[in-house]
Amino acid sequence: GDQPGTGGVYESPVHDAGGVAKWGRLSWRSEGTGLQFRTRAGNSLRPDQTWSEWSAPMSAPGGVSSPNARYMQWKAELTADAVLDAVTLAYIPQNTSPVVKSINVFSVATPVSALKTAAQPSATGAYTITVTDTGDTGTSPSSGTPTQTLSRASAQQINITWQAEDPDGDRLIYALYFRGEGEREWKLLKAQLRENTYTIDGDALADGRYFFRVTASDREVNPPASARDAELVSVPVLIDNTPPVLQVSAPRRSGGSVELEMEAIDAASPLRRCEYSLDAGPWTPIEAADGVIDSQRETFRVRLQDVPTGEHVLVLRATDSAGNAGLAKVIVR
């Protein structure tokens, strides 16, 4: 400690607590009489006008009255016979709130065989109808004929990830919530999460817009009174599991020319692409009647040239913004 030989004032170097701190007890060891202390605190490295004023003098060890801050300085006022040996200042760094910086939501395709529980094939991503040249529609196989059903190779899952940090380096735990557009209350998806990712079955949420909320807490490593929480709400996320529905007119054939009209409707997201395949051949794009495929309802006129005589299978496909495809099969004779 400092041991001045005559009375005077000694100002300590500025102490950096590393963050905003709550000041505790100031104590010292000295010899002689006539010794008192004052303290001041601020959040800049060098004392300036933003710092607190010097406190009232302390003639005995006790609690510091200076406000919570990152930096602290004390000064000792000594008489001629006072000798200062050591000074101790207790403080507790103030707990800083965590920050949830971002939330990302995206869909992933998982092989059905990799799922712990096989998903029931609800929305397969393809809606199919069959239209003949008479205009009749049907979906049933011939009576008495055994049918092999091909299961879908993958199931959609929704993956929610987030980025969070704690300025103090505290370990964080998370809770994840969701709320549909127009709904009032948040629904808990999972609490006590220690990883910053969570996956749910893509069929568990019906089509629509959803918000996701992540809360982060440092309560596992801080007393209840000083624990801090933070949260962030995602932008609206459109979930679309349902493919477009196609309405197709009966085909009209004139020599090698075939014409038909089709309307594609999607309940959740705009259409992005429409195409046809003749006899399982390459897909050929179809232009919308208004020239741009950009809405949830579009009409199309399909014209095929140089179609050989005989029976042919024409498959029409419309795909929405989420990648769901609706199909229609047309028999051309």
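If you read the sequence shown in our numbering, its first letter stands for residue 11, the second for the next number, and so on. C-beta: ideal position from N, C-alpha, C; glycine also. No experiment lies behind these values; they were computed from the predicted model shown.
| query | result |
| --- | --- |
| Sufficient close CB pairs (3 or more, under 8 Å) joining the stretch 53–62 to the stretch 106–114 | no |
| Inter-residue spacing [alpha-carbon to alpha-carbon] between ASP180 and VAL231 | 7 Å |
| Cutoff 8 Å; reference LYS200; Cβ partners in own chain excluding five residues on either side | ALA185, LEU186 and TYR208 |
| Neighbourhood of GLY320 by C-beta distance below 8 Å, restricted to the same chain and skipping five residues each side | ARG343 |
| Nearest candidate by alpha-carbon position, reference TYR20, set SER54, SER227 and THR49 | THR49 |
| Residue burial classification, LEU347 (beta-carbon count within 10 angstroms, cutoff 16) | No answer is possible for residue 347: the residues shown for the chain start at 11 and end at 343. |
| Validate contact between the stretch 229–244 and the stretch 252–271 using beta carbons, cut 8 Å, 3 pairs | no |
| Same chain, Cβ closer than 6 Å to THR309, neighbours up to 5 away in sequence not counted | GLU273 and ALA299 |
| Buried or exposed (CB count within 10 angstroms, at least 16 for buried), GLY29 | exposed |
| Residue from SER75, ASP250, ARG229 and VAL340 whose Cα sits closest to the Cα of LEU203 | ARG229 |
| 8 Å Cβ cutoff met for ARG219 and LEU248 | yes |
| Between the CA atoms of SER287 and GLU297 - distance to the nearest angstrom | 14 Å |
| Three-pair Cβ contact test at 8 Å for the stretch 167–179 versus the stretch 85–97 | no |
| Contact under 8 Å by Cβ, SER259 with GLU271 | yes |
| Backbone CA spacing between VAL24 and SER76 [nearest angstrom] | 14 Å |
| Buried/exposed call for LYS126, threshold 16 Cβ in 10 Å | Residue placement at LYS126 cannot be trusted, given a pLDDT of 49 that sits under 50; the coordinates are not used to answer. |
| Proximal residues to TYR101 (C-beta, below 7 Å), its chain only, five neighbours per side dropped | ALA27, ALA31, LYS32, TRP33 and GLY34 |
| Environment of PHE116 [buried if 16+ CB atoms lie within 10 Å] | exposed |
| Nearest candidate by alpha-carbon position, reference LEU256, set ALA335, PRO121 and THR120 | ALA335 |
| Run of the beta strand (DSSP E) containing SER40, from where it starts to where it stops | 25–41 |
| Bridge partners - LYS200, DSSP secondary structure assignment | LEU186 |
| Contacts around ILE183, its chain only, beta-carbon distance under 7 Å, and the 5 residues preceding and following it disregarded | GLN202, LEU203, ARG204, SER227 and GLU230 |
| Beta-carbon proximity of PRO280 to SER305, cut-off 8 Å | yes |
| Between the CA atoms of VAL340 and ARG327 - distance to the nearest angstrom | 11 Å |
| Distance between GLU175 and TYR137 (C-alpha atoms, nearest Å) | In this prediction, TYR137 scores a pLDDT of 43, lower than 50, which makes its location untrustworthy; the coordinate-derived value is nonetheless stated afterwards. Their Cα atoms are separated by approximately 45 Å. |
| GLU79 vs ALA51 beta-carbon contact at 8 Å | One detail in the question is off: residue 79 reads as Ala in this sequence, not Glu. In contact: ALA79 and ALA51 (Cβ atoms closer than 8 Å). |
| Chain-order list of residues whose beta-carbon lies under 8 Å from that of ALA290 (same chain, five-residue window excluded) | VAL323 and VAL325 |
| Short Cβ contact (8 Å threshold) for GLU191 with PRO254 | no |
| Beta-carbon spacing of ASP250, ASP217 below 8 Å | yes |
| Span of the beta strand (DSSP E) around GLU285 | 281–288 |
| Nearest-angstrom Cα separation, counted from PRO67 out to GLN46 | 6 Å |
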